[in-house]
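Here's the structure we're looking at; comments come further down.
Residue numbers (UniProt numbering), protein chains in the order written: chain B, 1 to 392; chain A, 1 to 211.
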């Protein structure tokens, strides 16, 4: 019996290959089940039973065929959608490259461009658009980056040789502090997007990330390295060359909202949270009341989201789309995104208590549906009693 | 005798997650960056070691249900970011903690010497009767050990702390230390209750039940 079974399991392999095309086949999953005749050493099947088995088998085949057909249709549809998506990305790339980027100053605020921008910037032009949108108010040049990096490297060297004569040019920050911060960068690099396996020791972008963070601590010793920065730098590295990533990084962190958070300016942070709550109540009054009742303050979930610009809590492709519109609309969009997340999960969140909400919001589901997510963000109104975000 | 189940793993809204525990405690995890706070919590929750965890930014949250001495306990675990810049954020939460787990890394003298700093933060910010557990993590890295067990014990004795050495990587003493912490928290709670009963008219101060 064993031989018969294995024999049958092997045989259908070749028919199966042409089956893919015309779907007229015996599904593989059922073939091992047919045993028309019993082995010779056993009494033969009664005719009635044999008939019954044949019938059962045929029913199974029909079901399996139906299933396969359905799956084939689904695959075809997915493929079509994919092609359509790729086409639209392709045409978007052309529009960005040929029309928008060469005429950035005049076009960047036009309605058409803003709409295309909302759809998500194609990855191949993303870095360029981000750079242009973030700008370079600080006038950082590639040379300045090289200088900062050289200084950082010097410090690493003096640290590793155990040199106690770390210079004291930046008053107010002890050598021990500085040392701890440089040490921390090293530890955190490997803890940045660990599943991508590109920033880890020996990975292709390990040194790049190290360089940018190190150079930044020399460029802005008053801010230094703060946990969360490594995620921002990593996302930029994925889309820009090293020096340009550094320029974008420094300018991005120089924005008022980022400065307030990375310097942990409690007063300003509270102002941001309070403004956020105004729009929270306006947009989602029920959930707002539920959060209030559970003493769930915005700092519980906003800190992680704002510090890492969602790159840690959202799937990376979605995070990049959030960054796209953040570059277009500024800090307001970070808080709008937060409300979009709360709106998307409003029903689930209303049923949870404090700790489960906190747990849920700091570890968002990995299969977040992107279209629904952006629809949900789009539905958030950033106007409260005729006041806009900046006014609140 | 102990059974453990992570409510985090249970499907949302399952009866188990909504099951009313007999006792509920808030526990805050503090200690220097990279000593293994998040790894410890991951081990407690999933009973495996995850070497690919990211640095905590701000705070993370987890709930853990345990049955100890035939009573159901729910621990609300607060995982904090270790970097100094974040300490002012962490400090706001000391006040709300029933227990604090202060962790250092036995392969890092620096993290051990910072324990005193953390203790002063706790003294400053937490309620008087807060239960403190001192944990020396990474016992699996025996070859790189820089802090002898004796020193941990001495420090714990000096400050009257509960003390364990553990390993999030191997799982050693992870549940054991939590069970001991729960017993300590329970004893504290009982003591507070007795006190309240002794005093004829205690000022009815409602302790914030949810926070």
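Note that the Cβ used here is the ideal one computed from N, Cα and C, for glycine as well.
Every unbroken alpha helix (DSSP H) within the stretch 234–305 of chain B, with a cutoff of 4 residues, ordered by chain: 242–253, 256–262, 266–283 and 285–293
Is the beta carbon of residue 92 of chain A sitting closer than 9 Å to the one on residue 79 of chain A? no
Quick check on the DSSP output: the beta strand (DSSP E) that includes residue 165 of chain A runs from which residue to which? 162–165
Which residue or residues does DSSP assign as beta-bridge partners of residue 78 of chain A? A:28 and A:61
Interface residues of chain B around residue 58 of chain A at Cβ under 7 Å? 303, 304 and 307
How should residue 166 of chain A be labelled, buried or exposed, when 16 other C-beta atoms within 10 angstroms of its C-beta is the threshold for buried? buried
Look up residue 104 of chain A in the DSSP assignment and give the residues it is bridged to. A:136
CA-CA distance, residue 390 of chain B and residue 384 of chain B? 11 Å
For the stretch 102–120 of chain A against the stretch 145–164 of chain A, are there 3 or more C-beta pairs whose distance is under 8 Å? yes
Assign residue 78 of chain B to one of two classes, buried (16 or more other C-beta atoms within 10 Å of its C-beta) or exposed (fewer than that). exposed
For residue 274 of chain B, does the count of other Cβ atoms within 10 angstroms reach 16, so buried, or fall short, so exposed? exposed
Using a 10 Å radius around the Cβ and a threshold of 16 neighbouring Cβ atoms, would you call residue 298 of chain B buried or exposed? buried
Per DSSP, cross-strand counterpart(s) of residue 94 of chain A: Residue 94 of chain A is not bridged to any residue.
Counted within 10 angstroms of its Cβ, other Cβ atoms place residue 57 of chain A as buried (16 or more) or exposed: buried
DSSP state of residue 168 of chain A mapped onto helix, strand, coil: coil
In whole angstroms, give me the CA-to-CA distance for residue 142 of chain A and residue 132 of chain A. 25 Å
What did DSSP end up calling residue 185 of chain A once you bin it into helix, strand or coil? helix
Per-residue contacts from residue 191 of chain B into chain D (C-beta, under 9 Å): Absent from the structure is chain D; the protein chains it does hold are B and A.
Assuming residue 350 of chain B and residue 302 of chain B are in contact, meaning their beta carbons sit under 8 Å apart, how far apart are those beta carbons, in whole angstroms? At roughly 19 Å, the Cβ-Cβ gap does not stay under 8 Å, so residue 350 of chain B and residue 302 of chain B are not in contact.
Note down, in chain order, every chain B residue with its Cβ under 9 Å from the Cβ of residue 42 of chain A. Within chain B, no residue comes near residue 42 of chain A; the closest Cβ sits about 11 Å away, beyond 9 Å.
So, with DSSP's three-state summary, where would you put residue 131 of chain A? strand
Separation of residue 81 of chain A from residue 87 of chain A, as counted between CA atoms: 8 Å
Run down chain B in chain order and give the residues with a C-beta less than 7 Å from the C-beta of residue 81 of chain A. 227
Which value, in whole angstroms, describes the spacing of the CA atoms of residue 247 of chain B and residue 140 of chain B? 6 Å
Below-9 Å beta-carbon distance, residue 63 of chain A vs any chain B residue: yes
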